[in-house]
Amino acid sequence: MSKPRLVIIGNCMAPVRMLEQLLAPGAAAYDITIFNAEPRGNYDRILLSPVLSGEKTFADSVIHDDAWYAAQGITLHKGEKIVEIYCAARSVRAQSGRSASYDKLVIATGSSSFMTPVPGRNLPGVLADRDLNDVDATLRQVRSGGRNVVIGGGQLQLEATAGPKAQGRPVTVENLMERQPDASAAYPLQEELESCGIDLRCGGNDKAILGRDKLVGDVSVGAWCSDLLRSGVSCERHGALTIAVFRTLDDRIFALEDCCPHKGDLSAAATCMGAA
Numbered sequence: 100m101s102k103p104r105l106v107i108i109g110n111c112m113a114p115v116r117m118l119e120q121l122l123a124p125g126a127a128a129y130d131i132t133i134f135n136a137e138p139r140g141n142y143d144r145i146l147l148s149p150v151l152s153g154e155k156t157f158a159d160s161v162i163h164d165d166a167w168y169a170a171q172g173i174t175l176h177k178g179e180k181i182v183e184i185y186c187a188a189r190s191v192r193a194q195s196g197r198s199a200s201y202d203k204l205v206i207a208t209g210s211s212s213f214m215t216p217v218p219g220r221n222l223p224g225v226l227a228d229r230d231l232n233d234v235d236a237t238l239r240q241v242r243s244g245g246r247n248v249v250i251g252g253g254q255l256q257l258e259a260t261a262g263p264k265a266q267g268r269p270v271t272v273e274n275l276m277e278r279q280p281d282a283s284a285a286y287p288l289q290e291e292l293e294s295c296g297i298d299l300r301c302g303g304n305d306k307a308i309l310g311r312d313k314l315v316g317d318v319s320v321g322a323w324c325s326d327l328l329r330s331g332v333s334c335e336r337h338g339a340l341t342i343a344v345f346r347t348l349d350d351r352i353f354a355l356e357d358c359c360p361h362k363g364d365l366s367a368a369a370t371c372m373g374a375a
């Protein structure tokens, strides 16, 4: 008797955590196929900041290598971005033309970078910092010299300053949003950052990017799942599960992680991992 077909779009931390739970009892109950837009396996994105600073290598961030997927009987298609979901036919199609049919579908692509919408955001030297390709591009840029500007004052953005600082390059942080910590924690953090030589500017409102320096920005994230709404997939929060798990109006399709917003809210990594 054939197993039900489970197709997963995305190979980030949360879907792999879900797989570990599914596989824990023993033999897989599903015939599992994964499509990953990145041309590599699964890795811990949170460790990209230490990779950027030179404290770790990409190999240190790998969670499961190709051998693990093979041992579990999982088909992993790397570098295959899904561009269409055919709900009626219960199938997906990748940009390459490769397709797969499913009985259950999990959309777990994570979010995409959103650069501040001002003139100059497409200039050379303006980068987002979301995946390994971004880290590699940032390292090449930092090593070329000049001042570096980081837009955003969240944890990942502040960690991104470690790369330029490790290379002895000057760094300015533009924090446009509200502070994540409260005042009792924010001011000591600001003093600590400034003592490390980081030029921290809070409450600004950038009007344009002029392109004179190097800029790394990960101001916000946008939900990739919105690209699939043209396929008739609509997402809503699943009240019986945690806040990072969504069900769609098609009961065969689920959305996990921060790929699909609920009232504009995208869940954090820790919440997504717990949900998985």
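In the working numbering, the protein residues as written are 100 to 375. Here a beta-carbon is modelled for each residue, glycine too, at the ideal position from N, C-alpha and C. All values derive from a computational prediction rather than experimental measurement.
Checking 8 Å against the spacing of the C-beta atoms, do leucine 74 and valine 106 come in under that value? Since the first residue of the chain shown is 100 and the last is 375, residue 74 is not available in this structure.
If we call anything under 8 Å between Cβ atoms a contact, is lysine 180 one with alanine 193? Here residue 180 refers to the residue found at position 81 of the sequence shown. Here residue 193 refers to the residue found at position 94 of the sequence shown. Cβ atoms of lysine 180 and alanine 193: closer than 8 Å.
Where do the N-terminal and C-terminal ends of the beta strand (DSSP E) with alanine 199 fall, by residue? In the sequence shown, counting from the first residue as 1, residue 199 sits at position 100. Unbroken beta strand (DSSP E) run through alanine 199: 198 to 200.
Taking DSSP's pairing of strands, which residues face tyrosine 185 in a bridge? Numbered from its first residue, the sequence shown carries residue 185 at position 86. Tyrosine 185 is bridged to Ser190.
According to DSSP, simplified to helix, strand and coil, what is glycine 145? Working through the sequence shown from its first residue, we reach residue 145 at position 46. Looking at the sequence provided, one finds isoleucine at residue 145 rather than glycine. Isoleucine 145 falls in the helix class under three-state DSSP.
Alanine 285: which of Thr132, Gln254, Pro216 and Arg268 sits nearest, CA to CA? Reading the sequence shown from its first residue, position 186 is the one you call residue 285. When only C-alpha atoms are compared, the closest one is Gln254.
So, is cysteine 111 buried or exposed, given that buried needs 16 or more other C-beta atoms within 10 angstroms? By 1-based counting over the sequence shown, the position of residue 111 is 12. The residue in question, cysteine 111, is buried, as its Cβ has 16 or more Cβ neighbours within 10 Å.
Counting beta carbon pairs with one atom in the stretch 224 to 238 and one in the stretch 258 to 268, are three or more of them shorter than 8 Å? yes
Considering only DSSP beta bridges, list what phenylalanine 134 is partnered with. Translated into the one-based positions of the sequence shown, residue 134 becomes position 35. Paired residues: Ile108 and His176.
Three-state secondary structure assigned by DSSP to arginine 116: Within the sequence shown, the letter at position 17 stands for residue 116. In the structure shown, arginine 116 sits in a helix (DSSP, three-state: H, G or I).
With H, G and I counted as helix, E and B as strand and the rest as coil, what does DSSP make of asparagine 274? Taking the sequence shown and counting its residues from 1, one reaches residue 274 at position 175. Correct three-state label for asparagine 274: strand.
Tell me the DSSP secondary structure of valine 241 in three-state form. In the sequence shown, residue 241 corresponds to position 142, counting from 1. Helix, per DSSP.
From the DSSP output, in three-state form, read off aspartate 235 for me. The count along the sequence shown starts at 1 and reaches residue 235 at position 136. In this structure, aspartate 235 counts as helix in the three-state DSSP scheme.
Could you tell me the distance, in whole angstroms, from the CA atom of serine 152 to the CA atom of leucine 122? The residue labelled residue 152 in the question sits at position 53 within the sequence shown. The residue labelled residue 122 in the question sits at position 23 within the sequence shown. Straight-line Cα distance between these residues: approximately 35 Å.
Contact under 8 Å by Cβ, serine 160 with leucine 146: Locating residue 160 in the sequence shown gives position 61, counting from the first residue. Locating residue 146 in the sequence shown gives position 47, counting from the first residue. For serine 160 and leucine 146, yes; Cβs fall inside 8 Å.
Taking the alpha-carbon of cysteine 186 as reference, which of Lys177, Ala199 and Glu137 has the nearest alpha-carbon? In the sequence shown, the residue the question calls residue 186 occupies position 87. Comparing Cα-Cα distances from cysteine 186 to each of Lys177, Ala199 and Glu137, the minimum goes to Ala199.
DSSP-derived helix/strand/coil call for alanine 354: Position 255 of the sequence shown, counting from 1, holds the residue named residue 354. Reduced to three states, the DSSP call for alanine 354 is strand.
Just tell me which of Arg104, Met117 and Gly178 has its CA closest to the CA of arginine 139. Taking the first residue of the sequence shown as position 1, residue 139 is located at position 40. Checking every option, the nearest Cα to that of arginine 139 belongs to Gly178.
Pairwise C-alpha distance: isoleucine 162 and alanine 374: Numbered from its first residue, the sequence shown carries residue 374 at position 275. Numbered from its first residue, the sequence shown carries residue 162 at position 63. Note that alanine 374 scores 44 on pLDDT, short of 50, meaning its location in the model is unreliable and no value can be drawn from it.
Evaluate proline 114 with the Cβ neighbour count: other Cβ atoms within 10 Å of its Cβ, from every protein chain shown; 16 or more gives buried, anything less gives exposed. Within the sequence shown, the letter at position 15 stands for residue 114. Looking at its Cβ environment, which holds 16 or more other Cβ atoms inside 10 Å, proline 114 is buried.
Can you tell me where the alpha helix (DSSP H) with aspartate 349 in it begins and where it stops? Walking along the sequence shown from the start, residue 349 turns up at place 250. First-last for aspartate 349: undefined, no H or E at that position.
Could you check the C-alpha separation between valine 241 and glutamine 256 for me, to the nearest Å? In the sequence shown, residue 241 corresponds to position 142, counting from 1. In the sequence shown, residue 256 corresponds to position 157, counting from 1. Between valine 241 and glutamine 256, the C-alpha separation is close to 15 Å.
Determine the DSSP secondary structure at valine 150, reduced to helix, strand or coil. Residue mapping note: residue 150 aligns to position 51 of the sequence shown, counting from 1. Valine 150 falls in the helix class under three-state DSSP.
Residues near leucine 340 in its chain [Cβ-Cβ closer than 6 Å; skip 5 each side]: The count along the sequence shown starts at 1 and reaches residue 340 at position 241. Since pLDDT at leucine 340 reaches only 30, below the 50 mark, its modelled position is unreliable, and the value read off the structure follows with that caveat. Answer for leucine 340: no residue qualifies.
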